[in-house]
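Colleague: Residue numbers (the UniProt record's numbering), protein chains in the order written: chain A, 1 to 341; chain B, 1 to 341; chain C, 1 to 341; chain D, 1 to 341.
Idealized CB from N, CA, C, for every residue including glycine.
Model, not experiment: these values are computed from the prediction.
Protein chains: 4
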Amino acid sequence: MRIGVLTSGGDCPGLNAVIRSVVHRAVVDHSDEVIGFHDGWKGLLEADYRKLDLDAVSGILARGGTILGSSRVQPAHLRDGVERARGHVQDLGLDAIIPIGGEGTLKAARLLSDAGLPIVGVPKTIDNDITATDVTFGFDTAVGVATDALDRLKTTAESHQRVLIVEVMGRHTGWIALHSGMAAGAHAILVPERPFDVAELARVVGERFEAGKKFAIVVVSEGAKPRPGTMDFTSGATDVYGHERFSGVANQLSVELEERLGKEARPVILGHVQRGGTPTAYDRVLATRFGWHAVEAVHGGRFGMMTALRGTDIVLVPLAEAVEELKTVPANRYIEAECVL
Amino acid sequence: MRIGVLTSGGDCPGLNAVIRSVVHRAVVDHSDEVIGFHDGWKGLLEADYRKLDLDAVSGILARGGTILGSSRVQPAHLRDGVERARGHVQDLGLDAIIPIGGEGTLKAARLLSDAGLPIVGVPKTIDNDITATDVTFGFDTAVGVATDALDRLKTTAESHQRVLIVEVMGRHTGWIALHSGMAAGAHAILVPERPFDVAELARVVGERFEAGKKFAIVVVSEGAKPRPGTMDFTSGATDVYGHERFSGVANQLSVELEERLGKEARPVILGHVQRGGTPTAYDRVLATRFGWHAVEAVHGGRFGMMTALRGTDIVLVPLAEAVEELKTVPANRYIEAECVL
Amino acid sequence: MRIGVLTSGGDCPGLNAVIRSVVHRAVVDHSDEVIGFHDGWKGLLEADYRKLDLDAVSGILARGGTILGSSRVQPAHLRDGVERARGHVQDLGLDAIIPIGGEGTLKAARLLSDAGLPIVGVPKTIDNDITATDVTFGFDTAVGVATDALDRLKTTAESHQRVLIVEVMGRHTGWIALHSGMAAGAHAILVPERPFDVAELARVVGERFEAGKKFAIVVVSEGAKPRPGTMDFTSGATDVYGHERFSGVANQLSVELEERLGKEARPVILGHVQRGGTPTAYDRVLATRFGWHAVEAVHGGRFGMMTALRGTDIVLVPLAEAVEELKTVPANRYIEAECVL
Amino acid sequence: MRIGVLTSGGDCPGLNAVIRSVVHRAVVDHSDEVIGFHDGWKGLLEADYRKLDLDAVSGILARGGTILGSSRVQPAHLRDGVERARGHVQDLGLDAIIPIGGEGTLKAARLLSDAGLPIVGVPKTIDNDITATDVTFGFDTAVGVATDALDRLKTTAESHQRVLIVEVMGRHTGWIALHSGMAAGAHAILVPERPFDVAELARVVGERFEAGKKFAIVVVSEGAKPRPGTMDFTSGATDVYGHERFSGVANQLSVELEERLGKEARPVILGHVQRGGTPTAYDRVLATRFGWHAVEAVHGGRFGMMTALRGTDIVLVPLAEAVEELKTVPANRYIEAECVL
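Okay, structure coming up:
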């Protein structure tokens, strides 16, 4: 068989582990040929690719980023995107395409699959917001990086009697905030799913200081917003690509809290460091398993499906289901964390 | 309510996170009183304990070990163990006991539960070998430590054209070997579940060198053994406590491989470093959730049960089921890893 | 003897290691008594302190922050600051004071020393800008944290064809930028000592992309500024304490570079995470040696001095020298780094 | 100019950083040509090499091991070793050779230099035992790895009331034991320079338990030995290369201590993990500076010299001096550590 693989969308630790796994399983065990498209769907649309043999994926398992490059280009961006993709699949003699990507990528995958192309998707997002799978690779690494930072910040907050407002990734869902906040013992966690009441936040933090504690750590998702009317708040502006630019909430909250509490409050924005670098062992294992099972799905003719983790098993779910709705943090998880406002 | 908590058996990153979580949930949300028994069941049998309030568990979330101490003492070691435990539970006015421990501890928990004591167990083992739960806390940390070591060892093996035989924990099951070996891209993985053929191992490693590769990494569980008749092999002697002492397999294998291959082969025994120190974010979240749900089980009167992870949910399972049989690595996981001999 | 110790100024990994070392050397070897003042000079001025015995410093060697707390209060802030300090030294029967702190703290130390108080200083700054010592503890940890972040960011920059502008600490000197930039292989390093020419920066980065490279990493000290007239630039505003607030340069540079290059450029501000958390082994050893030698200086009556590292030796230098001028990055170090603009 | 570079002897984090730095300085700034010999002196003796341009050293700064490979072959191993080296230097038109290695490598470098070949050495050893330089790269990484392990082991020792005997690298000198032991707060440190008295060790550890402490950590260099007559002791056997094999002392000590104290004592042998993997920022900076200055020395015709760190400066010292005697841990450093027996 001849299989094409591509990585699309934002960066995510574990992408290289999937690529390596696809090549190992396909080439060694099935004597397949694998090619990698450059820069996501762009590579497919422009037939820009290279051959991936064992040497090409040697040493990449623990490396962050993606050796294939990525972009935000989608087939739907072109009027003839689907037809161009189909043409290249035929010209290159491809039996299957394995796109690795997040929600947008999987929607594009479904579009092409519905148009009859042989697709098996692999879900990817550090945000962990894809409903059809228990976990996505990249999430554990992002949580780990955020938790390490929070561990460090706690000592400095404590020594200087401060409130630290730490902004982590998560535009639409609060998974990274929830897990890193629980792991580091944050005193308040703010997530996009629950608009927060800044007065309530000030009360919680204030009571902590009144009880003699010397510092407080607030973890906030970049997409968290105050309840309308509780605080002056400017959403991020749009950037040159028309995407909403986030990363304003920690800055605005620190000014607001400093005023309400009369305590020093400082914002820390963790930023891109959460999505780069060596993946954790957890993410490498999950990514490797996804790659292996994607190749098996190809050989089983299970097109239009996506790999997913359910408990300890890797299963296949229809792409259609996969992108139905965002997996948000459910109410019982707020309660467990005890400090989600 | 008045709740007693104890930690028993081998060390495991995340124990303190469970203790902290139990205290937070019980004291803050239910106005319970919590006491901690010292050194596992020993503390219960001797009524040796201390009060655990919020201050007592401040700052312990990320700390390895257990602030309560541990031991391998079991109620069944004493003729009147069960009666002494019952007596102290009554004298201390305890409404529940939450023992945190591995297979042995959970068996003791079941014994006491069958005798009518109000018990909710929390499973703990870095080996990940308890059937009733998808994962146990401590496992992710152990795999992470082993993977970090393997990442380091790869570069030194490569520069010096060596075979490295890296012995990781796992007396009866190969979970740590499997996951760290997959995460680090080991070239062979040996697990207790599958007695290995040393000739086959030598062949796999030899072919790698013939193909021009300069090194090989073999990950081996401390409890892995050769197929009878394939290699002279001495199992570990028993130690002063009558336990079998492991940690001989890497040494013996390196001698054997050096002889068969004419290549330098060196053993590395990771040892106790795998079970100490700061837990990963993953383990802290899981441990925290277990503690929280154990308190809920107590308040729901769900005695004789144990917390467990199923998918993304924490559920309760009967202690009876929990200790039925060891969770071994299933065949399909060997196949995925592609290098389990 | 009776010795008072205090930590003053900004947070710095290794403070606790110094405190522990002072107590160990003084109590165990000299049978001294040690007290610790709370929140820096404030504790001395208000006679707010606690006794420090071996138990009080147990387990703090690897912990970030300072168990004594810190503040920015200085004796010179009070009209009768020196006299109050003298009074408390007499009332408490102190034979010596060991203040641990940066430039401001050491100036205060000199003031009190000139007024006849028995002082031995220990220098502390993550910025490494104290002339009289080769290195200060905390610097190695800060550089390590920044380098880890840069390692992670490189993979994400590479996958997405971006310029990343990473702002590290250093208001007046570029040591952290220089060392982390060299360690991570940054493509340009901007330091406060050399106002940069933004056109030159754009040229360097642009040439890199023209040569086919897919990303660039620029490390910039928070205190770096453009050469007058080369770029619109707003220095940070002053905060509520009258200190200049930094952390604007990366934001402004990323806008400017995006415009000049037509490439996506993103700011990352590492912030407080550089000054918190577990110190590196290097910093723990240096801090421990400083504490040990400070006690020896007290017993040798070497007041008015400060510990310093020279080569591999710990020596004593007059406080007067210690604070003469800031240690800036010398020209030959720029040349070695090859990418300081 | 045409420069040859090679790495010889045991593995050491930072080798790749030196190679990269040599190439960057030579190629970019001096328009030199650089070739890299494979597997140390072997490559020079057999004219086995490859060209090193900027692409060849891209991405290696943070990578452990050496891209050139290494071996323990020395020119003196061949009767005509010096003449063969001279012949290849002439045939390849080399203006200089930069060997990077430890004591043995530098002795060979001196031999060739005395024979008239144009050599500039770069010292390398994780053991930090070269007299002519304050520090060698690799040492900081080794100490860091050992300290991380000790941090982890402390919690597990504490929870289980154990003595842990942790064996670190250092055949002839105790630098790694001294620094990691100080950094982690070990309770006893045993080094090769001072044969230890096992009765004294048992006394120190025993008193700790009598004082109510629950554990003890002993750090021991692999080359440490008991004072004659104080303990049955078997030195390591020689391996197939005629080198003495170390790594027996922790095992023997744990048996001896268990017997004398009646406490559980466990050996942990850290092994090769100390010399592999990503170098610390400190080592990357030092290695980069060494490479830069080696190229400058070549262009200044300063042959027969070696780069060295003195304080904060990189200087050149004669190879003759460099290998005169091993840098052992001086007495005053034992006293500072307070627990070297």
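Flag residue 129 (chain A) as yes if its beta-carbon sits less than 9 Å from any beta-carbon of chain B, otherwise no.
Modeller: Your numbering for residue 129 (chain A) matches position 129 in the first sequence. With 9 Å as the cut-off, residue 129 (chain A) does not count as an interface residue toward chain B.
Colleague: Which one or two residues does DSSP pair with residue 283 (chain A) in a beta bridge?
Modeller: As a position in the first sequence, residue 283 (chain A) is number 283, starting the count at 1. Residue 283 (chain A) pairs with nothing; no bridge assigned.
Colleague: Closest by CA to residue 311 (chain C), which one among D:267, D:249, D:133?
Modeller: Along the third sequence, one-based indexing puts residue 311 (chain C) at 311. Closest option to residue 311 (chain C), Cα to Cα, is D:133.
Colleague: Counting only C-beta atoms, is residue 336 (chain A) closer than 9 Å to chain B at any point?
Modeller: For the purposes of this step, residue 336 (chain A) is identified with residue 336 of the first sequence, where counting begins at 1. Cβ-Cβ to chain B under 9 Å: yes for residue 336 (chain A).
Colleague: Strictly below 9 Å CB to CB, what residues from chain B border residue 269 (chain D)?
Modeller: Here residue 269 (chain D) refers to the residue found at position 269 when the fourth sequence is read from its first residue. What residue 269 (chain D) touches in chain B: 268, 269, 271.
Colleague: Is there at least one Cβ from chain C nearer than 9 Å to residue 149 (chain A)'s Cβ?
Modeller: Stepping through the first sequence from its first residue, residue 149 (chain A) is reached at position 149. Yes - at least one Cβ of chain C is within 9 Å of the one on residue 149 (chain A).
Colleague: Go through its chain and collect everything with a Cβ distance to residue 181 (chain A)'s Cβ below 6 Å, but skip five positions before and after it.
Modeller: Mapped onto the first sequence, residue 181 (chain A) falls at position 181. Once the five neighbours on either side are set aside, the close Cβ partners of residue 181 (chain A) are 189, 219.
Colleague: Between D:320, D:270, D:231, which lies nearest to residue 259 (chain D) when the distance is taken from Cα to Cα?
Modeller: For this step, residue 259 (chain D) is matched to residue 259 along the fourth sequence. Among D:320, D:270, D:231, the Cα nearest to that of residue 259 (chain D) belongs to D:231.
Colleague: Can you list the residues of chain A that residue 114 (chain B) reaches, using a CB-CB cut of under 9 Å?
Modeller: Start at 1 with the first residue of the second sequence, and residue 114 (chain B) comes out as number 114. In chain order: nothing, as chain A lies at least about 29 Å away.
Colleague: If you draw a straight line from the alpha carbon of residue 6 (chain C) to that of residue 30 (chain C), how long is it in whole angstroms?
Modeller: For the purposes of this step, residue 6 (chain C) is taken as residue 6 along the third sequence, with counting starting at 1. For the purposes of this step, residue 30 (chain C) is taken as residue 30 along the third sequence, with counting starting at 1. Cα-Cα distance, rounded: 20 Å.
Colleague: Give me the residue from C:80, C:159, C:143, C:83 with the minimum Cα distance to residue 272 (chain A).
Modeller: Position 272 of the first sequence, counted from the start, is the residue given in the question as residue 272 (chain A). Among C:80, C:159, C:143, C:83, the Cα nearest to that of residue 272 (chain A) belongs to C:159.
Colleague: Going by DSSP, what residue range makes up the alpha helix (DSSP H) through residue 91 (chain B)?
Modeller: Here the question's residue 91 (chain B) lines up with position 91 in the second sequence. Note, residue 91 (chain B): alpha helix (DSSP H), 81 to 91.
Colleague: Taking residue 15 (chain C) as the reference, give the member of C:199, C:264, C:101, C:326 with the closest Cα.
Modeller: What you label residue 15 (chain C) is simply residue 15 of the third sequence in a count that begins at 1. Residue C:101 is the option with its Cα nearest to residue 15 (chain C).
Colleague: Kindly indicate which residue of A:288, A:269, A:45, A:276 has the alpha-carbon position closest to the one of residue 168 (chain A).
Modeller: Residue 168 (chain A) sits at position 168 when you count from the first residue of the first sequence. Comparing Cα-Cα distances from residue 168 (chain A) to each of A:288, A:269, A:45, A:276, the minimum goes to A:269.
Colleague: Kindly give me the distance between the Cβ atoms of residue 275 (chain D) and residue 142 (chain D), rounded to whole angstroms, as I take these residues to be in contact under 8 Å.
Modeller: Taking the fourth sequence and counting its residues from 1, one reaches residue 275 (chain D) at position 275. Taking the fourth sequence and counting its residues from 1, one reaches residue 142 (chain D) at position 142. Contact holds; Cβ gap of about 6 Å.
Colleague: Which of the three DSSP states is assigned to residue 221 (chain D) in this structure?
Modeller: Start at 1 with the first residue of the fourth sequence, and residue 221 (chain D) comes out as number 221. Strand, per DSSP.
Colleague: Which of the three DSSP states is assigned to residue 243 (chain B) in this structure?
Modeller: By 1-based counting over the second sequence, the position of residue 243 (chain B) is 243. Low per-residue confidence applies at residue 243 (chain B): pLDDT is 47, beneath 50, and the placement is therefore not dependable, though the value from the model is reported in the following sentence. It is coil, neither helix nor strand.
Colleague: Name the chain D residues that come within less than 7 Å of residue 144 (chain C), Cβ to Cβ?
Modeller: Looking up residue 144 (chain C) in the third sequence gives position 144. Simply 280, 281.
Colleague: Please classify residue 73 (chain B): does DSSP put it in a helix, a strand, or coil?
Modeller: Along the second sequence, read from residue 1 onward, the residue named residue 73 (chain B) stands at position 73. Coil, per DSSP.
Colleague: Using a cut-off of 8 Å between C-beta atoms, extract the partners of residue 77 (chain A) located in chain G.
Modeller: Here the protein chains are A, B, C and D, and chain G is not one of them.
Colleague: Between the C-alpha atoms of residue 78 (chain B) and residue 111 (chain B), what's the straight-line distance to the nearest angstrom?
Modeller: Within the second sequence, the letter at position 78 stands for residue 78 (chain B). Within the second sequence, the letter at position 111 stands for residue 111 (chain B). Residue 78 (chain B) and residue 111 (chain B): Cα-Cα distance of roughly 13 Å.
Colleague: With a threshold of 8 Å, are at least 3 pairs of Cβ atoms found where one atom belongs to the region 119 to 133 of chain D and the other to the region 288 to 307 of chain D?
Modeller: Flag = yes, the region 119 to 133 of chain D and the region 288 to 307 of chain D touch.
Colleague: Would residue 160 (chain B) pass as an interface residue toward chain A - the criterion being a Cβ-Cβ separation below 9 Å?
Modeller: In the second sequence, the residue the question calls residue 160 (chain B) occupies position 160. Not one chain A Cβ lies under 9 Å of residue 160 (chain B).
Colleague: Name the chain C residues that come within less than 8 Å of residue 70 (chain A), Cβ to Cβ?
Modeller: Sequence index remark: in the first sequence, residue 70 (chain A) carries index 70 (1-based). Result: 159, 160.
Colleague: Residue 333 (chain D) lies in the alpha helix (DSSP H); which residues open and close that run?
Modeller: The residue given as residue 333 (chain D) occupies position 333 in the fourth sequence. Taken as a continuous stretch (DSSP letters only), the alpha helix (DSSP H) holding residue 333 (chain D) covers 331 to 337.
Colleague: Taking only the alpha-carbon atoms, compute the straight-line gap between residue 157 (chain D) and residue 215 (chain D) and give it to the nearest angstrom.
Modeller: Along the fourth sequence, read from residue 1 onward, the residue named residue 157 (chain D) stands at position 157. Along the fourth sequence, read from residue 1 onward, the residue named residue 215 (chain D) stands at position 215. Each residue's alpha carbon lies about 6 Å from the other.
Colleague: Could you check whether the Cβ of residue 311 (chain D) sits closer than 9 Å to any Cβ belonging to chain C?
Modeller: Position 311 of the fourth sequence, counted from the first residue, corresponds to residue 311 (chain D). By this cut-off, residue 311 (chain D) is an interface position.
Colleague: Between residue 127 (chain B) and residue 139 (chain B), what straight-line distance do the alpha-carbon atoms span, to the nearest angstrom?
Modeller: As a working mapping, residue 127 (chain B) is identified with position 127 in the second sequence. As a working mapping, residue 139 (chain B) is identified with position 139 in the second sequence. C-alpha separation (whole angstroms): 6 Å.
Colleague: Compare the C-alpha of residue 283 (chain C) against each of C:225, C:136, C:201, C:172 and name the closest.
Modeller: To locate residue 283 (chain C), count along the third sequence from 1; it is residue 283. It is C:136.
Colleague: Under 9 Å between C-beta atoms, does residue 140 (chain A) make it to chain C?
Modeller: If you number the first sequence from 1, residue 140 (chain A) lands on position 140. Output row for residue 140 (chain A): interface = no.
Colleague: Give, in chain order, every unbroken run of the alpha helix (DSSP H) that is at least 4 residues long and sits entirely within the region 13 to 53 of chain D.
Modeller: Correct list: 15 to 23, 41 to 45.
Colleague: Can you pull the chain C residues whose beta carbon is under 7 Å from the beta carbon of residue 80 (chain D), in chain order?
Modeller: Mapped onto the fourth sequence, residue 80 (chain D) falls at position 80. Under the 7 Å cutoff, chain C gives no residues; its nearest Cβ is about 39 Å from residue 80 (chain D).
Colleague: Please tell me whether, using a cut-off of 8 Å, the distance from the CB of residue 131 (chain B) to the nearest non-hydrogen atom of the ligand SAH is below it.
Modeller: This structure does not include the ligand SAH; it has no bound ligands of any sort.
Colleague: So is residue 224 (chain D) buried or exposed if we call it buried at 16+ other beta carbons inside 10 Å?
Modeller: Along the fourth sequence, one-based indexing puts residue 224 (chain D) at 224. Buried.
Colleague: For residue 241 (chain B), count neighbouring C-beta atoms within 10 Å of its own C-beta (all shown protein chains included) and say buried if the count is 16 or more, exposed if not.
Modeller: Numbered from 1 along the second sequence, position 241 holds the residue referred to as residue 241 (chain B). In this prediction, residue 241 (chain B) has a pLDDT of 45, which is less than 50 and means its spatial position is unreliable; nothing more can be read from the coordinates.
Colleague: In chain order, what are the residue ranges of uninterrupted beta strand (DSSP E) at least 3 long that sit wholly in the region 133 to 202 of chain A?
Modeller: You should have 163 to 168, 188 to 190.
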